[in-house]
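Peer 1: Can you read through this structure? Questions will come right after.
In the working numbering, the protein residues as written are 4 to 153.
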């Protein structure tokens, strides 16, 4: 991705670049923007995340509470996938846990998520970190009526 991005910004002004990622791709998009910051490269204009997987460890206890409503994702299976992805290696890096990485001076961040999604737990953590650091974030939350499940 480094080579591709460097070639891209040699031809396109970064103000015309948008990173968009869904689920694991959302985590990748935010992690890559954080890497660009560390490398001193220009940020994309926007980082748009749809239900992003922001912490590969899935250690946020709120995920278990949300799991009964999420009809797609499973915490234990995500943990297994995360171990395979990192090959049992570092799970503290912002590259696989961008929720813990630097959030200042990145492109404009927008996140779309539903309250039925287990990944909502870490989106709330990201929002809280942004608020603490004074970083603007556009958060679009789509609530679920949990009475549908009771």
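For every residue, glycine included, the Cβ atom is placed at its ideal position computed from N, Cα and C.
Just checking, does the region 64-78 make contact with the region 91-103 on the three C-beta pairs under 8 Å criterion?
Peer 2: The region 64-78 vs the region 91-103: no contact.
Peer 1: What does DSSP give as the partner residue(s) for residue 141 in the beta ladder?
Peer 2: For residue 141, which the question treats as bridged, DSSP gives the partners 113.
Peer 1: Report the residue from 85, 41, 21 and 55 whose alpha carbon sits nearest the alpha carbon of residue 128.
Peer 2: The shortest Cα separation from residue 128 among 85, 41, 21 and 55 belongs to 55.
Peer 1: Under the DSSP definition of a beta bridge, which residues are partnered with residue 11?
Peer 2: The partner list for residue 11 (beta bridge, DSSP) is empty, contrary to what the question assumes.
Peer 1: Identify which residue in 96, 95 and 53 has its Cα closest to the Cα of residue 143.
Peer 2: The option with the nearest alpha carbon to residue 143 is 53.
Peer 1: Excluding the five sequence neighbours on either side, which residues of its own chain have a C-beta within less than 7 Å of the C-beta of residue 31, listed in chain order?
Peer 2: 24.
Peer 1: Report buried or exposed for residue 124, applying the criterion of at least 16 other Cβ atoms within 10 angstroms of its Cβ.
Peer 2: Buried, since its Cβ has 16 or more Cβ neighbours within 10 Å.
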